[in-house]
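S.K.:
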Amino acid sequence: MSNTIICFGRKLEHFSSNSRSKLSCFNQSYRGLISTCFRFLVFRVNPFWVQLAYFIVVSLVGFGALKMSNPKSGSVSPNNIDVFFTSVSATTVSSMSTVEMEVFSNTQLIIITILMLVGGEVFTSMLGLLLGRFRFEKRPSFDGDIVNSISNRGLQSDCSLTSKNISQEVELGRITCSALANEKPITDLESNKNLTSDSKSLKYKATGYLGYLVLGYLLVVHAVGSSLVSMYVSLVPSARKILKTKGIDIRTFSFFTVVSTLANCGFVPTNENMIVFKKNSGLLLLLIPQILIGNTLYPACLRALIWVLDKMTKKVEFSYILKNWKEMGYSHLLSGLHSSFLAATVFGLTLVQFILFCSMEWNSETMDGFSSYQKVVGSLFQVVNSRYAGESVVDLSTISSAILVLFVVMMYLPPYTSFIPIKYQKKEIEKEKVKGSQNESAGKSILEFVLFSQLSYLAIFIILICISERQKLKEDPLNFNVLNITIEVVSAYGNVGFSTGYSCKRRLKGKQWCTDSCAGFAGRWSNTGKFILIVVMFFGRFKNFSFKYGKAWKLC
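Below, the structure is given as structure tokens:
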């Protein structure tokens, strides 16, 4: 009986060991498959397709989450196209709206907040940095090779040697100079290999430092910004009353608004956007810096932060980032000179807009009820938002056409548009020429030669929407006109979110059946027009990939 039990136990042990072995092999194969697919995505697939897949997947997940959660009690649930439109708008940080924001419940507002966070330019660039680290391999430094060589020859004393205490060991006599001299001489080829290995190792570490720095940048700005906004709303009765009347939680409003502002999305949980807070100048002043440091001034702020950390910590990684900003492969990291000119350009364009806006709108209907101080702050807030943020304290349909055209130009400009004098561009031009000659020898795809410029695509999109909405253009020309459609399209392309809205007062007929809504102008479009605008939002989010297209088309 005992022999039978022992035999059974051995068989059971043998079976369990085989099972563990097979399970271990399966896990290794599974991890290997995932690693292979991941490396294929990182190294082989064009970044455009990776980002496109990312934003489409996030938009679809956001659509599903918004559909499964219930809207605010008493509100009618939006239809599928409007929910998907909102999800895409939040993911691409465009803030184009087809429904009123107060339709969404607190849970849905949190979902939209997450979509804006993971779709923001700073967040996605951080993911790119973390993925970019897989392009490098950690390699031992040159000093580490010496240490290993010495220790292998039995020259190590009681204390273990590192690259930091070699000189100390020599001074103490534990390692003699003759021992180091007896080492095999390093040839030029080996020296170059060691230098290359050191450079790659340092770049690997620097990329990690930069990734964690961007993550810290996001966390600190969100934490500080939401705390300040929450404190302001809690302490100022007029702002607190607005949220209480609308049934919006202060914490949700604060975090939602700060995430939207830093990502330059432009969504606000209220139907009227920031118009209801137009007299809360303190709140507007809190949001203005976040708008700038989240987009147009982000490269300048990032470089300034790295410079400060380099001076404080004296770490070689920060110094490497500052000196080798181009080799880091991070598009938001610019040279010191370029960052300075970028900051000057941002403030210059803001000043020009501010002067023109005040001169045209100071005594207009738009500024009725404002004090002089509120007019100054409100005007500054409005013109700062014309570059990608999209929050508004005035009704855009009431301002002059000249200012609307100015806003269209500002929405079209890329975020890092900068004025750089020609004498500072000569070196860059020469580098581009050398790089261009190298690329020509490598050859280009036929697709690059036939694609249009971005202005051409915008014209095509405007024409398509005019075709899809042609009946409304005839019946309601004051609302549906080419200027309003152009503003909506360029705003979606620039991922800004400005909209002239829709007014029943401007209808020529059928006013009695019309109900005013605080949703954007696109909310009155047909489903075909909304779908075209969804495509425009995606196109605008990836405009960095198409800046160089259209060069084959000559106008002379």
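Residue numbers 3 to 558, in our numbering, belong to the letters of the sequence shown in order. No residue lacks a Cβ here, since even glycine has one placed at the ideal position from N, Cα and C. Quick caveat: nothing in here was measured; it's all calculated off a predicted structure.
So the candidates are Asn-273, Ala-391, Tyr-459; which of them puts its Cα closest to the Cα of Asn-297?
M.R.: Sequence index remark: in the sequence shown, residue 297 carries index 295 (1-based). The shortest Cα separation from Asn-297 among Asn-273, Ala-391, Tyr-459 belongs to Ala-391.
S.K.: What does the alpha-carbon distance come out to for the pair Tyr-459 and Met-539?
M.R.: For the purposes of this step, residue 459 is identified with residue 457 of the sequence shown, where counting begins at 1. For the purposes of this step, residue 539 is identified with residue 537 of the sequence shown, where counting begins at 1. If you take the alpha carbons of Tyr-459 and Met-539, they lie about 12 Å apart.
S.K.: For the alpha helix (DSSP H) holding Ala-67, just list the boundary residues, first then last.
M.R.: Taking the sequence shown and counting its residues from 1, one reaches residue 67 at position 65. Counting along the chain, the alpha helix (DSSP H) containing Ala-67 begins and ends at 49–70.
S.K.: Taking Cβ to Cβ, would you say Lys-280 is nearer than 8 Å to Val-395?
M.R.: Here residue 280 refers to the residue found at position 278 when the sequence shown is read from its first residue. Here residue 395 refers to the residue found at position 393 when the sequence shown is read from its first residue. Yes. Within cutoff.
S.K.: Would the beta-carbon of Leu-68 be found less than 7 Å away from any heavy atom of the ligand SAH?
M.R.: Summarising the ligand content, the structure contains no ligands, and the ligand SAH is consequently not present.
S.K.: Might you give, ordered along the chain, the residues of its own chain that have their beta carbon closer than 8 Å to the beta carbon of Lys-545, omitting 5 neighbours on each side?
M.R.: Against the sequence shown, residue 545 aligns to sequence position 543. For Lys-545, where only same-chain residues beyond five positions count, the Cβ hits under 8 Å are Pro-416, Gln-456, Tyr-495.
S.K.: How many Å lie between Asp-312 and Tyr-211 at the Cα?
M.R.: To locate residue 312, count along the sequence shown from 1; it is residue 310. To locate residue 211, count along the sequence shown from 1; it is residue 209. Whole-angstrom Cα-Cα distance: 12 Å.
S.K.: Sorted by chain position, which residues of the same chain lie with C-beta nearer than 8 Å to Met-330's C-beta, five sequence neighbours on each side aside?
M.R.: By one-based count along the sequence shown, residue 330 stands at place 328. Here the set comprises Lys-205, Ala-208, Thr-209, Leu-212, Ile-323.
S.K.: May I ask you to report which of helix, strand or coil DSSP gives Gly-284?
M.R.: For the purposes of this step, residue 284 is taken as the residue at position 282 of the sequence shown. Gly-284 falls in the helix class under three-state DSSP.
S.K.: Which residues in the same chain as Leu-288 place their Cβ atom closer than 8 Å to its Cβ, once the five residues preceding and following it in sequence are excluded?
M.R.: The residue labelled residue 288 in the question sits at position 286 within the sequence shown. So the qualifying residues of the chain are Gly-227, Leu-230, Val-231, Tyr-234.
S.K.: By Cβ distance below 7 Å, which residues in the same chain neighbour Asn-72 in space, the five residues on each side in sequence not counted?
M.R.: By one-based count along the sequence shown, residue 72 stands at place 70. Ser-107, listed in sequence order.
S.K.: Roughly how many angstroms separate the alpha carbons of Val-278 and Leu-285, rounded to a whole number?
M.R.: Here residue 278 refers to the residue found at position 276 when the sequence shown is read from its first residue. Here residue 285 refers to the residue found at position 283 when the sequence shown is read from its first residue. Each residue's Cα considered, the two are about 11 Å apart.
S.K.: Give the secondary structure of Asn-546 by DSSP, where H, G and I count as helix, E and B as strand, and everything else as coil.
M.R.: Indexing the sequence shown from 1 puts residue 546 at position 544. Correct three-state label for Asn-546: helix.
S.K.: Measuring alpha carbon to alpha carbon, tell me which residue in Ser-262, Cys-303, Thr-347 is nearest Val-95.
M.R.: Reading the sequence shown from its first residue, position 93 is the one you call residue 95. With distances taken between Cα atoms, Val-95 lies closest to Ser-262.
S.K.: Thinking Leu-307 and Leu-215 are a contact (beta carbons under 8 Å), I'd like their distance in whole angstroms, please.
M.R.: Taking the first residue of the sequence shown as 1, we reach residue 307 at position 305. Taking the first residue of the sequence shown as 1, we reach residue 215 at position 213. Rounded, the Cβ-Cβ distance is 7 Å, consistent with contact.
S.K.: Terminal residues of the continuous alpha helix (DSSP H) containing Asn-387?
M.R.: What you label residue 387 is simply residue 385 of the sequence shown in a count that begins at 1. Taken as a continuous stretch (DSSP letters only), the alpha helix (DSSP H) holding Asn-387 covers 374–387.
S.K.: What residue from Glu-477, Trp-364, Pro-301 has the CA that sits closest to His-334's CA?
M.R.: Stepping through the sequence shown from its first residue, residue 334 is reached at position 332. Among Glu-477, Trp-364, Pro-301, the Cα nearest to that of His-334 belongs to Pro-301.
S.K.: Please return the same chain residues whose Cβ sits closer than 6 Å to the Cβ of Val-101, not counting the five positions on each side in sequence.
M.R.: On the sequence shown, residue 101 is found 99 positions in, with the first residue counted as 1. Same-chain partners within the cutoff: Pro-80, Asp-84, Ala-521.
S.K.: My output table needs one value for Ala-391: the three-state DSSP class, helix, strand or coil.
M.R.: Residue mapping note: residue 391 aligns to position 389 of the sequence shown, counting from 1. Coil at Ala-391, not helix or strand.
S.K.: How long is the line joining the alpha carbons of Ala-241 and Gly-66, rounded to whole angstroms?
M.R.: Here residue 241 refers to the residue found at position 239 of the sequence shown. Here residue 66 refers to the residue found at position 64 of the sequence shown. Straight-line Cα distance between these residues: approximately 33 Å.
S.K.: Just tell me which of Ser-373, Phe-421, Thr-115, Ile-252 has its CA closest to the CA of His-340.
M.R.: One-based indexing of the sequence shown puts residue 340 at position 338. The candidate whose alpha carbon is nearest that of His-340 is Phe-421.
S.K.: Touch check for the region 485–492 and the region 461–474: three-plus C-beta pairs under 8 Å?
M.R.: At 8 Å Cβ cutoff, the stretches touch.
S.K.: How big is the Cα-Cα spacing for Asp-145 and Lys-202?
M.R.: Looking up residue 145 in the sequence shown gives position 143. Looking up residue 202 in the sequence shown gives position 200. With a pLDDT of only 44 at Asp-145, under 50, the local geometry of the prediction cannot be trusted, and no value is derived from it.
S.K.: Please give the ranges of any beta strand (DSSP E) in the region 79–134, keeping only runs that are unbroken, at least 3 residues long and fully inside the region.
M.R.: Whole beta strand (DSSP E) segments, 3+ residues: zero.
S.K.: Whose C-beta lies closer than 7 Å to the C-beta of Tyr-566 among residues of the same chain, with five residues either side of it excluded?
M.R.: Given that the chain is displayed from residue 3 to residue 558, the structure contains no residue 566 and the question cannot be resolved.
S.K.: Starting from Lys-248 and walking both ways along the alpha helix (DSSP H), at which residues does that stretch end?
M.R.: By one-based count along the sequence shown, residue 248 stands at place 246. 239–248 is the span of the alpha helix (DSSP H), which, as asked, contains Lys-248.
S.K.: DSSP state of Asn-486, grouped into three classes?
M.R.: Taking the sequence shown and counting its residues from 1, the one referred to as residue 486 is at position 484. Reduced to three states, the DSSP call for Asn-486 is helix.
S.K.: Out of Leu-535, Phe-547, Leu-353, Gly-542, point me to the one whose CA is closest to Thr-88's CA.
M.R.: Within the sequence shown, residue 88 is the residue found at index 86, counting from 1. If we check each option's Cα against that of Thr-88, Leu-535 comes out closest.
S.K.: Under a Cβ-count criterion, where at least 16 other Cβ atoms within 10 Å of its own Cβ denotes burial, should Gly-542 be classed as buried or exposed?
M.R.: Here residue 542 refers to the residue found at position 540 when the sequence shown is read from its first residue. It counts as buried.
S.K.: With DSSP run on the structure shown, which of helix, strand or coil describes Gln-158?
M.R.: Looking up residue 158 in the sequence shown gives position 156. With a pLDDT of 42 at Gln-158, under the threshold of 50, the modelled position of this residue cannot be trusted, and the question is left open.
S.K.: Classify Glu-477 as buried or exposed, calling it buried when 16 or more other Cβ atoms lie within 10 Å of its own Cβ.
M.R.: Reading the sequence shown from its first residue, position 475 is the one you call residue 477. By the 10 Å Cβ count, Glu-477 comes out exposed.
S.K.: Can you grab the Cα-Cα spacing for the pair Thr-115 / Pro-239, in whole Å?
M.R.: Start at 1 with the first residue of the sequence shown, and residue 115 comes out as number 113. Start at 1 with the first residue of the sequence shown, and residue 239 comes out as number 237. Near 25 Å, if we compare the C-alpha coordinates of Pro-239 and Thr-115.
S.K.: Quick one: residues in its chain with C-beta nearer than 7 Å to the C-beta of Ser-470, no 5 flanking neighbours on either side, listed in chain order?
M.R.: By one-based count along the sequence shown, residue 470 stands at place 468. Only Ser-528, Thr-530, Gly-531, Ile-534 meet the Cβ criterion.
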